[in-house]
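Q:
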Amino acid sequence: MTAQVSSEASRADAPQDEVLAEVRNHIGHLTLNRPAGLNAITLDMVRHMTRQLQAWADDPEVHAVVLRGAGDKAFCAGGDIRSLYASFKSGDTLHQDFFVEEYALDLAIHHYRKPVLALMDGFVLGGGMGLVQGADLRVVTERSRLAMPEVAIGYFPDVGGSYFLPRIPGELGIYLGVTGVQIRAADALYCGLANWYLDSARLAELDQKLDRLQWHDAPLKDLQGVLAKLAVQRLPDAPLAALRPAIDHFFALPDIPSIVEQLQAVTVADSHEWALNTVHLMQTRSPLAMAVTLQMLRRGRRLRLEQCFALELHLDRQWFERGDLIEGVRALIIDKDKSPRWHPPTLQALDAAHVDSFFHDFEQVAK
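Last residue of the sequence shown: 367 (the UniProt record's numbering), numbering continuous.
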């Protein structure tokens with residue numbers, strides 16, 4: 001999910017054109033088509049994508065898949081959180097079904113037996129990251145803004161975030177998950193959250209080359225050959241590269257209060273402004289969500305992909321009742337008073353035993 005979500009409520013019967021599918025030159029093109037809502041995904045869209053990807057997996061005439069979002073603002077800004085909030089408040093099961101099926105779709109993309117090319121133009125947030133991180137080829141543009149910003153609404157980075165974030169070198173993934181900060185193309189490449197950069201003005205040219213591609217025996221290499229003529233795999237001056245020593249130090253500390261306390265004490269000129277900005281950002285986030293996120297990501301380093309999704313579902317099943325998500329959605333999306341009443345309200349009031357309780361019995365669940 002994500003904090004940047006469409007204000008439109010999910011409709012019970014989503015029209016088929018909210019996900020567009022077509023095959024051209026042996027490539028299945030799958031387009032999220034809610035541009036007015038930043039292509040935020042609904043349960044109906046998840047189900048449509050799942051069915052279409054399975055059909056193409058079984059179709060020998062389809063050699064590869066391209067994922068994209070309609071419009072020039074977003075690939076996908078996450079899940080349609082309003083519908084999940086309404087589901088919980090009304091007592092139905094949509095909010096439970098959504099996570100089970102969304103994670104199954106994300107896992108299927110990780111294991112997809114044909115190459116997947118994801119065009120990550122514009123916002124790629126929360127659930128959007130879940131759709132692309134299993135892709136073989138992940139292309140960013142100068143308009144790309146990537147983040148797992150769930151802590152801003154009192155949630156935790158899910159959709160496989162417990163797997164792909166802690167596997168970023170050093171503590172960069174911990175930093176991205178705990179703060180929810182957005183990064184751009186150079187940092188996405190530096191972190192390994194993307195592996196190609198292409199100017200957005202050349203996306204149409206990429207489509208033209210894909211339409212004329214002569215296929216051989218290795219579709220992935222064929223796609224890589226097309227990208228190599230248009231795109232690059234490195235960009236200079238990634239901001240996170242310069243911040244890496246500080247991030248690796250502070251975000252390896254044992255808990256959230258320690259991280260914030262030491263960031264507040266930074267006096268080194270090169271890191272002072274970044275440290276203060278980071279503290280300010282973290283002070284707006286749910287203390288409980290950050291603490292659970294920190295423990296989840298550190299556990300995720302030792303888990304297989306399937307176990308990470310199981311861990312996230314384990315937390316999901318508790319979070320609507322015990323976490324801060326409902327309050328975060330109320331304050332930031334429903335009432336828009338921007339004054340969430342987090343529980344607990346401060347980092348100092350965090351109880352380590354309460355944080356640990358969210359992970360009780362997980363070992364049995366993951367088996």
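C-beta atoms are modelled at their ideal positions from N, C-alpha and C, and glycine is treated no differently.
Secondary structure at residue 426, three-state DSSP: helix, strand or coil?
A: With the chain running from 1 to 367 in the structure shown, residue 426 is simply not present.
Q: Tell me which residues share the same chain as G192 and place their Cβ nearer than 7 Å to its Cβ, disregarding the 5 neighbours each side in the sequence.
A: Counting only Cβ-Cβ distances below 7 Å, and skipping sequence neighbours, we find I168.
Q: Let's see if you can read the secondary structure: which residues bound the beta strand (DSSP E) around M120?
A: Note, M120: beta strand (DSSP E), 116-120.
Q: If you draw a straight line from the alpha carbon of M148 to that of G127, how long is it in whole angstroms?
A: Distance between the alpha carbons of M148 and G127: 8 Å.
Q: Check the DSSP bridge columns for R145 and list the partner residues they point to.
A: Answer by DSSP bridge pairing, in chain order: F123.
Q: Looking only at DSSP bridge pairs, what is A64 linked to?
A: Its beta-bridge partners are I27.
Q: Could you give the DSSP three-state label for L134: helix, strand or coil?
A: In the sequence as displayed, the identity of residue 134 is Gly instead of Leu. Residue state, collapsed to three classes: coil.
Q: Alpha carbon to alpha carbon, how far is L350 from Y112?
A: For L350 and Y112, the distance between alpha carbons rounds to 41 Å.
Q: So, is R285 buried or exposed, given that buried needs 16 or more other C-beta atoms within 10 angstroms?
A: Classification of R285: buried, given that the 10 Å Cβ count is 16 or more.
Q: Nearest by alpha-carbon distance to K229: which of R244, E205, A242 is it?
A: Comparing Cα positions, the closest option is E205.
Q: Going by C-alpha to C-alpha distance, which of L119, A291, K209 sits closest to A152?
A: Answer by Cα proximity: A291.
Q: According to DSSP, is I183 part of a helix, a strand, or is it coil?
A: Here I183 sits in strand by DSSP.
Q: Express the C-alpha separation of L325 and F358 in angstroms, rounding to a whole number.
A: Whole-angstrom Cα-Cα distance: 14 Å.
Q: Can you say whether T278 is buried or exposed, counting buried as having 16 or more other CB atoms within 10 angstroms of its CB?
A: Classification of T278: buried, given that the 10 Å Cβ count is 16 or more.
Q: Report yes if the CB atom of V139 is closer than 9 Å to the CB atom of M120, and no otherwise.
A: Contact: yes.
Q: Less than 8 Å between the CB atoms is what I'm expecting for L311 and L303, so what's the real figure, rounded?
A: Right, the Cβ-Cβ distance comes to about 7 Å (below 8 Å), so this counts as a contact.
Q: So what does DSSP say about G161, is it helix, strand or coil?
A: If DSSP states are grouped into helix, strand and coil, G161 belongs with the helices.
Q: Please report the straight-line C-alpha distance between A14 and D92, rounded to a whole angstrom.
A: With a pLDDT of 44 at A14, under the threshold of 50, the modelled position of that residue is not reliable, and no figure is offered here.
Q: With DSSP collapsed to three states, give me the class of G192.
A: Three-state result, G192: coil.
Q: Which partner residues does L32 have in the DSSP bridge list?
A: Answer by DSSP bridge pairing, in chain order: V19, G69.
Q: Work out the CA separation of R24 and H216 for me, nearest whole Å.
A: Each residue's Cα considered, the two are about 16 Å apart.
Q: Leaving out five residues on either side along the sequence, give the residues of the same chain with a beta carbon under 8 Å from the beta carbon of V19.
A: Excluding residues within five positions, the ones whose Cβ falls inside 8 Å are L30, T31, L32, N33, M45, H48, M49, Q52.
Q: Taking the beta carbon of A353 as the centre, do at least 16 other beta carbons fall within 10 Å, making it buried, or is it exposed?
A: Its Cβ having fewer than 16 others within 10 Å, A353 is exposed.
Q: Do L240 and L172 have their C-beta atoms within less than 9 Å of each other?
A: Result yes, Cβ atoms of L240 and L172 sit closer than 9 Å.
Q: Return the CA-CA distance between V268 and G225, expressed in angstroms with no decimal places.
A: Going from the Cα of V268 to the Cα of G225 covers about 45 Å.
Q: Apart from the five residues on each side of it in sequence, which residues of its chain come closer than 7 Å, Cβ to Cβ, to D211?
A: Excluding positions up to five away in sequence, the list reads R24, N25.
Q: Can you give the Cα-Cα distance for P115 and I27, rounded to whole angstroms?
A: Computed Cα separation, rounded: 10 Å.
Q: From the DSSP output, which residues share a beta bridge with I41?
A: Bridge partners of I41: G79.
Q: Take residue 368 as the anchor and find which of D337, E142, I174 has the nearest alpha-carbon.
A: In the structure as shown, the chain starts at 1 and stops at 367, and residue 368 therefore has no counterpart that could be examined.
Q: Buried or exposed, going by whether 16 or more other CB atoms sit within 10 Å of the CB of A238?
A: It is buried - the Cβ of A238 has at least 16 other Cβ atoms within 10 Å.
Q: DSSP beta-bridge partners for A74?
A: In DSSP, A74 forms a bridge with F123.
Q: Taking 9 Å as the CB-CB cut-off, is A36 touching chain D?
A: Looking for chain D here will not work: only one protein chain is present.
Q: Using 10 angstroms around the beta-carbon of A265, count the other beta-carbons present and answer buried if the total reaches 16, otherwise exposed.
A: Under this definition A265 is an exposed residue.
Q: Determine the DSSP secondary structure at V266, reduced to helix, strand or coil.
A: Reduced to three states, the DSSP call for V266 is coil.
Q: Grouping DSSP H, G and I as helix and E and B as strand, with all else coil, what is Y85?
A: In this structure, Y85 counts as helix in the three-state DSSP scheme.
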